[in-house]
Structures are given as C-alpha cells and as structure tokens.
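Q: The structure's right below; bear with me while I get my questions together.
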Amino acid sequence: MFPLQRNRRLRTSKAIRSLVQENTISVNDFLVPLFVVEGNGIKEEIASMPNYFRYSLDLLSAEVKELWHLGLKSVLVFVKVPDNLKDNKGTEALNPEGLMQRAIKTIKDAVPEMLVMTDVALDPYSSYGHDGIVENNYVVNDPTTEVLANMSLSHAQAGADFVAPSDMMDGRIETIRMALEEHNFVNTGIMSYSAKYASAFYGPFRDALDSAPGFGDKKTYQMDASNRKEAITETLLDIQEGADIVMVKPGLCYLDIVRDLSNEIETPIAVYQVSGEYAMLKAAAEKGWLDHDSVMLEQLMAFKRAGASIIASYFAKDFAKLL
Ligand code: PBG
C-alpha cells in the first residue's frame with residue numbers, strides 16, 4: 034500500500050530498470066526469412082517490403098555470410114518459382130536440382146553451421162497459387178500431404194536441418210515425420226506452422242513470390258481469425274504428430290494465441306512477424322509518423338513477453354545491426 038509500495042522506485046534509473054527487466058531479446062532469438070530467385074547477380078527489392086530483397090544463388094552466399102557475422106544463425110528459405118515450372122501436382126517441388134534444393138546447398142556451402150529451415154507448401158509451385166493440390170476448386174488434403182512428405186524428404190536430402198510446413202493440411206506433420214524416419218532422417222526437425230490464420234497481412238509476401246491464390250482464398254485450410262481455442266487443438270495435435278517447434282502466425286494480432294499456448298505447452302513456440310506487419314512499420318517510418326527502431330524493438334519484445342522463444346522476422350537484420 035502507498036507509500037510503503039511505490040512502484041516507481043523500480044524505475045528510477047537505467048541500472049535498476051535493467052535489473053528488474055523481465056524479458057530480453059537477442060540475435061539468438063531470430064529466424065531470418067530469405068527469398069531466392071533464379072538468375073545471376075540478382076538482388077531485387079520487393080516493392081511492398083522496403084529494404085528486403087530477393088537473391089539469386091550467387092549473391093545468396095554473401096548474404097548468409099553477412100547474417101552469420103551479425104550473429105544470425107538460422108534462416109527460413111522461400112523460393113520464387115518461374116511460372117513455366119508451376120503445375121497442379123508440385124512436380125518442381127520434388128526436383129532434386131530445383132531452386133530450393135540448390136539454395137539449401139548454397140547456404141550450407143557458404144556457412145556450414147547455419148541452421149537451414151525450408152518452407153514446405155505448394156503455393157510457390159502451384160499453377161493455382163494454393164498450398165495444395167486443387168480438385169474441383171477445393172484444396173484436397175491427403176494427396177497434398179503425400180507430396181509435402183516427399184518435398185520434405187527432398188529438402189532433407191539436400192541438407193535442410195528443419196522443414197517448416199506452412200500449408201495447414203490435416204495430418205501432414207505425422208506424414209512428414211514418418212517419411213523422414215523411414216529414410217533415416219531422424220534428426221531432421223519439423224517446425225510446424227500449427228496455428229496459421231487466413232490473414233490479409235500476407236499480401237506483400239505473395240508479391241515477393243508471385244504466389245497469390247488464382248481463385249478464392251485460403252480459408253478452407255488456414256484458420257479463422259475469430260478463433261482462439263482451435264489454435265490449441267491444432268497445436269496439440271501437431272505436437273502429438275511429431276512437431277519439434279510450433280508456430281503462431283501472424284504475430285502482433287495474435288499475441289493472445291502465443292500466450293495461450295505458452296501457458297499450455299512446453300514445446301518451443303515460434304512466432305512469425307509477417308510481411309504485412311513489416312510493411313506497415315516501414316511505411317509509417319518512411320512518412321516520419323513512427324520512430325522505426327523504437328517501434329521495432331517494442332514489437333519484438335512483445336513477442337518474447339507473450340511467450341515466444343523464436344521470432345521469424347524481416348526485421349532480424351535491422352535488429353542485429355542496431356545492437
Ligand atoms: C505460404 C506462406 C505464406 C507465408 C509464409 N508461407 C503466405 C500464405 O499463406 O499465403 C506468409 C509470410 C509472410 O506474409 O511474411 N505457404
């Protein structure tokens with residue numbers, strides 16, 4: 034009771050504030066998304082993601098070396114697939130010489146200790162821009178999970194440390210886990226996008242990969258933004274099926290979900306601060322309406338405070354350079 038308790042005593046100086054600081058954030062917490070394209074000498078800025086780039090393989094090496102020097106030790110790889118290689122079966126996703134498979138090798142050659150996680154979903158490979166195989170305007174589940182398992186195997190064979198299924202099909206974690214086990218990839222991890230919402234915040238990402246759905250939306254597989262309990266159901270199932278890390282996506286609008294999960298489970302939780310979140314802050318900062326670095330730090334800390342231990346973020350490099 035006042036004045037016995039004056040909460041401001043613990044805020045009087047920088048020293049005392051740092052002593053009672055409840056959460057911290059460091060380069061160890063980050064997963065860096067990388068966009069890869071075919072070609073040579075390409076480092077092209079993504080229009081709706083200022084200061085974020087797509088790299089061709091030759092320039093990717095230098096980029097991952099730089100990340101490593103900044104203390105960023107984990108990447109999450111996405112590829113932009115040429116239109117003529119897209120179909121409704123994910124054929125190119127299984128090509129051992131495909132762009133993803135070559136990207137994995139390129140990164141491992143450049144920095145062997147870099148942890149390489151790969152996106153597993155069909156949308157960059159799909160002529161429909163959907164995360165799975167389309168039949169009668171519907172993304173079919175079981176045939177899709179079979180392809181995702183083969184895709185995961187192909188990434189593991191190319192040297193991926195973790196596969197990260199982002200498709201939200203039912204049962205895909207178990208199908209992938211069993212395929213990896215059968216082929217002796219017992220230490221290849223799975224980071225499941227377990228609570229992934231059908232979100233309008235993915236817009237800039239779809240620009241980056243030219244992967245917007247050709248018809249309809251993704252609401253028959255990604256989660257409804259109004260739901261909270263369903264995130265726990267989805268996540269517990271993925272853990273049972275063999276997920277090593279689970280994820281909530283997008284980030285800021287879904288911090289309640291991160292907190293719910295963190296109260297409920299012991300599995301490491303990742304959060305994905307998605308492209309639209311990045312674009313919003315970059316735009317506001319460009320206009321001089323928000324202070325970029327302080328808002329960035331405040332947002333990143335919010336993820337830790339909510340209970341995430343891993344943050345996938347396009348701000349990773351900005352954060353590391355600020356230190
Ligand atoms: C697709 C995928 C998406 C993102 C990651 N993987 C887009 C989507 O589901 O349509 C979004 C990432 C971002 O917006 O930064 N499987």
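In terms of my numbering, the sequence shown opens at residue 34 and continues consecutively. Glycine included, C-beta positions come from ideal geometry on N, C-alpha and C. Only a predicted model underlies this, so the values are computations on that prediction, with no experimental measurement involved.
Are the beta-carbon atoms belonging to residue 202 and residue 178 less than 8 Å from one another?
A: Their beta carbons are under 8 Å apart, which means residue 202 touches residue 178 by this criterion.
Q: Hey, how far is the Cα of residue 229 from the Cα of residue 58?
A: Their Cα atoms are separated by approximately 24 Å.
Q: Just the Cα atoms here: how many angstroms apart are residue 226 and residue 132?
A: The alpha-carbon atoms of residue 226 and residue 132 are separated by roughly 22 Å.
Q: Between the segment 99-116 and the segment 133-151, do at least 3 Cβ pairs fall closer than 8 Å?
A: With the cut-off at 8 Å, the segment 99-116 and the segment 133-151 touch.
Q: Could you name the residues of the same chain whose beta carbon sits closer than 7 Å to that of residue 353, not counting the 5 residues immediately before and after it, in chain order?
A: Counting only Cβ-Cβ distances below 7 Å, and skipping sequence neighbours, we find 60, 103, 104, 105.
Q: Please go through the same chain and pick out, in chain order, the residues whose beta-carbon is closer than 8 Å to the beta-carbon of residue 129, but skip the five residues on each side of it.
A: Closer than 8 Å at the Cβ level, and outside the excluded window around residue 129, lie 187, 190, 191.
Q: Quick check: what's the CA-CA separation for residue 334 versus residue 327?
A: So the two alpha carbons sit approximately 11 Å from each other.
Q: Which same chain residues, not among the five before or five after residue 80, have their C-beta less than 7 Å away from its C-beta?
A: Taken in chain order, the residues that qualify are 240.
Q: Relative to the ligand PBG, is the shortest distance from any of its heavy atoms to the C-beta of residue 156 smaller than 7 Å?
A: Indeed, a heavy atom of the ligand PBG lies less than 7 Å from the Cβ.
Q: Name the DSSP bridge partner or partners of residue 107?
A: Its beta-bridge partners are 148.
Q: Locate the alpha helix (DSSP H) running through residue 260, then write down its first and last residues.
A: Run containing residue 260: none; DSSP gives neither H nor E here.
Q: Excluding the 5 residues preceding and the 5 following residue 162 in the sequence, name in chain order all residues of the same chain whose CB lies nearer than 7 Å to its CB.
A: So the list reads 156, 244, 245, 246, 247, once near-sequence residues are dropped.
Q: Cα-Cα, which of 350, 318, 356 is closest to residue 99?
A: Comparing Cα positions, the closest option is 350.
Q: According to the neighbour-count rule (16 or more other Cβ atoms, all chains shown, within 10 Å of its Cβ), is residue 398 buried or exposed?
A: Only positions 34 to 356 of the chain appear in this structure, which leaves residue 398 out of reach.
Q: Alpha carbons only, please: which of 279, 320, 258 is nearest the one belonging to residue 222?
A: Checking every option, the nearest Cα to that of residue 222 belongs to 279.
Q: Rounded to the nearest angstrom, what separates residue 101 and residue 345 at their Cα positions?
A: Answer to the nearest angstrom: the Cα atoms are 16 Å apart.
Q: Locate the alpha helix (DSSP H) running through residue 39, then write down its first and last residues.
A: Counting along the chain, residue 39 falls outside any alpha helix (DSSP H), and DSSP gives it neither H nor E.
Q: Jot down the residue ranges of each uninterrupted beta strand (DSSP E) in the segment 278-316, minimum 3 residues, whole runs only, in chain order.
A: Whole beta strand (DSSP E) segments, 3+ residues: 278-282, 302-306.
Q: Is there contact between the segment 290-302 and the segment 261-279, where contact requires at least three CB pairs shorter than 8 Å?
A: Yes, the segment 290-302 touches the segment 261-279.
Q: Quick one: complete beta strand (DSSP E) runs, 3+ long, within the segment 131-187?
A: As far as the segment 131-187 is concerned, its whole beta strand (DSSP E) runs of at least 3 residues are 148-153.
Q: Anyone know if the C-beta pair for residue 204 and residue 158 falls short of 8 Å?
A: No, Cβ-Cβ distance for residue 204 and residue 158 is not below 8 Å.
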